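Report on the structure given below.
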Amino acid sequence: VPSGEQLDYLRYPSKGERLLVWVSSERDQAEAERKAASELARRGIEVWMLDLSFSYFLDADRKGFDKVPAADMQALLKLAEQQKRPIVFAVGRAAVPILKAFGSWTRNEGRPAHLEYVLMHPNLYEEAEALQDVRYLDFGDLNGAQLLILQPRRSAGVVWLDRQSEALQRQGAEVKNEILEQLREGYWARQEPTAYEIEMGQHLADLIWDRLSKENRY
Amino acid sequence: MIVGGLIVFAFAIPVWSAEFRKVDAVVPPALTMQDMRGVDHDLSNYKGQVVLVNFWASWCPPCRKEMPSIQRLMQKMAGRPFVILAIDSGESREEADAYLKGMPVDFPILLDPESKEAKSWKVFAMPTSFLVDKHGRIRYVLPSGTEWDDGDGWRLIQELLTE
Chain A
37 VPSGEQLDYL RYPSKGERLL VWVSSERDQA EAERKAASEL ARRGIEVWML
87 DLSFSYFLDA DRKGFDKVPA ADMQALLKLA EQQKRPIVFA VGRAAVPILK
137 AFGSWTRNEG RPAHLEYVLM HPNLYEEAEA LQDVRYLDFG DLNGAQLLIL
187 QPRRSAGVVW LDRQSEALQR QGAEVKNEIL EQLREGYWAR QEPTAYEIEM
237 GQHLADLIWD RLSKENRY
Chain B
14 MIVGGLIVFA FAIPVWSAEF RKVDAVVPPA LTMQDMRGVD HDLSNYKGQV
64 VLVNFWASWC PPCRKEMPSI QRLMQKMAGR PFVILAIDSG ESREEADAYL
114 KGMPVDFPIL LDPESKEAKS WKVFAMPTSF LVDKHGRIRY VLPSGTEWDD
164 GDGWRLIQEL LTE
């Protein structure tokens, strides 16, 4: 990629037309994610699965991911575009570099008219200090970014979904929110999961598959 | 398949023992709520007392971890001008009941099912606690859990009481 780093990823090949670029969160990649990717590939969606923490030796905190160069993510998305019809799935703070990539990509540089994202409990805060107004990151021009945001109910993030949507819409994105009831963020890999989280964690591929179908994305 | 990652997983890192943030005597948002026993609470009526306002939820591991220490804190502070208001955010009475059945507490639990208070106080993490001084001003914020009957939390409450 342009920064000189080697961007490793797991590739789950499939003959279908769609390509899911899966960017795992700052909390690392879980076995449940890899199983889901494998299942989606079996159903006809190719998956490229990235672990940016590993590729860039990032700190396991939300600010670490902000250091990923947008140009690198653009290069990845360009490669994906050349091969199939991509859709991005990003978890937690991983939404930041992949949105920056789109926001700073110009039409002259080959930016597609539309790019679809499914963002799992994205963390898009610039600052979020108690008692102070929330500030969201500026990603640039998000016109053409179609975002489906999946937010587990059991999270403080639910409270701020409307503000987050407003911030993204101001930047040009189309935003849809969906609450995932009875779940916590990262439910597929919690240390002390509930029975329901265990069950739903085993159906991560179904969740994504259903949303892609519902949104006519597949 | 290209293998792309060292697999070390730690999703449920609890938010625990971050630093207390000192704030500049902020006037708190209005807080008028009824607790689960039907008692009305108005934060502005607690002037002259130090108040711990704690936002929590039963699904949150660090909230559950610190809850016994809040109960011990209450017991240690008996008879002193100190009040605890624990606001269960984003949960129903049934969810609160289910948790409190296994973790009974003597301090007031206030229900905020629509998270209106959490929004008003600009809470972005669970748990988040606020220490309000005798003049009714917020002096410290802790956006994480702690052991309230020991350490910094205990020390700051004592300091606020002696002012």
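Chains A and B supply the protein sequences, listed in that same order. 37 is the number of the first residue of the first sequence in our numbering; add one for each residue after it. 14 is the number of the first residue of the second sequence in our numbering; add one for each residue after it. Even glycine gets a Cβ: it sits at the ideal position worked out from N, Cα and C. All values derive from a computational prediction rather than experimental measurement.
Is there a C-beta anywhere in chain B that falls below 8 Å from the one on residue i?
| i | result |
| --- | --- |
| A/Val195 | yes |
| A/Leu167 | yes |
| A/Val170 | yes |
| A/Glu162 | no |
| A/Glu228 | yes |
| A/Leu192 | The amino acid occupying residue 192 of chain A in the given sequence is Ala; Leu does not appear at that position. Output row for A/Ala192: interface = yes. |
| A/Arg121 | no |
| A/Arg313 | With chain A covering 37 to 254 only, the question about residue 313 of chain A has no answer from this structure. |
| A/Gln238 | no |
Can you grab the Cα-Cα spacing for the pair residue i / residue j, in whole Å?
| i | j | result |
| --- | --- | --- |
| B/Trp72 | A/Val195 | 15 Å |
| A/Leu216 | A/Tyr172 | 22 Å |
| B/Glu3 | B/Thr141 | It is not possible to answer for residue 3 of chain B, since the shown part of chain B is limited to 14 through 176. |
| A/Ser140 | A/His150 | 14 Å |
| A/Lys114 | B/Met80 | 50 Å |
| A/Gln207 | A/Asp169 | 19 Å |
| B/Val154 | B/Phe143 | 5 Å |
| A/Ala241 | A/Ala126 | 14 Å |
| A/Ile244 | B/Ile170 | 48 Å |
| A/Asp108 | B/Gly164 | 45 Å |
| A/Ala111 | B/Thr159 | 44 Å |
| A/Lys136 | A/Ser249 | 26 Å |
| A/Lys181 | A/Ser201 | A quick correction: the sequence has Ala, not Lys, at residue 181 of chain A. Whole-angstrom Cα-Cα distance: 13 Å. |
| A/Asp246 | B/Met46 | 41 Å |
| A/Phe175 | A/Phe138 | 8 Å |
| B/Gln84 | B/Glu127 | 25 Å |
Pop quiz: residue i and residue j are said to be a contact at Cβ under 8 Å. What is the actual Cβ separation, rounded to whole angstroms?
| i | j | result |
| --- | --- | --- |
| A/Ala73 | A/Val59 | At roughly 12 Å, the Cβ-Cβ gap does not stay under 8 Å, so A/Ala73 and A/Val59 are not in contact. |
| B/Ser105 | B/Asp162 | Actually they do not touch by this definition, with Cβ atoms about 29 Å apart. |
| A/Leu186 | A/Glu214 | 5 Å |
| A/Glu221 | A/Ser191 | 5 Å |
| B/His54 | B/Leu98 | 6 Å |
Among the residues of its own chain, which have a CB less than 6 Å from the CB of residue i, if the five just before and after it don't count?
| i | result |
| --- | --- |
| A/Leu43 | Val37, Ser91 |
| B/Trp167 | none |
| A/Tyr48 | Ala73, Ser74, Ala77, Val83 |
| B/Leu174 | Val63 |
Let me see if you follow: with CB-CB separation under 8 Å, is residue i close to chain A or not?
| i | result |
| --- | --- |
| B/Met46 | no |
| B/Ile151 | yes |
| B/Thr141 | yes |
| B/Val40 | no |
| B/Ala131 | yes |
| B/Lys35 | no |
| B/Trp72 | yes |
| B/Ala138 | yes |
| B/Val154 | yes |
| B/Lys135 | yes |
| B/Gly103 | yes |
| B/Ser57 | no |
| B/Ser128 | yes |
Which same chain residues, not among the five before or five after residue i, have their C-beta less than 8 Å away from its C-beta?
| i | result |
| --- | --- |
| B/Arg50 | Pro121 |
| A/Leu55 | Ile81, Glu82, Val83, Trp84, Ala116, Gln119, Lys120, Arg121, Pro122, Ile123 |
| A/Asp198 | none |
| A/Glu210 | Ala181, Gln182, Leu183 |
| A/Leu94 | Glu62, Leu88, Gly100, Phe101, Lys103, Val104 |
| A/Glu165 | none |
Ordered along the chain, which non-local residues of its own chain (more than five positions away) have a Cβ less than 7 Å from that of residue i?
| i | result |
| --- | --- |
| B/Glu108 | Ser71 |
| A/Glu53 | Lys120, Arg121 |
| A/Val104 | Leu88, Tyr92, Pro133 |
| A/Pro188 | His157, Leu216, Leu219, Arg220, Glu221, Tyr223 |
| A/Asp162 | With the sequence shown as reference, residue 162 of chain A is identified as Glu, and Asp is not the correct amino acid for it. Correct list, in chain order: Arg171, Tyr172, Leu173. |
| A/Asn179 | Gly208 |
Is it a yes or a no for the segment 131 to 140 of chain B touching the segment 91 to 103 of chain B, going by three-plus beta-carbon pairs under 8 Å?
The answer is yes - the segment 91 to 103 of chain B touches the segment 131 to 140 of chain B, with three or more Cβ pairs under 8 Å.
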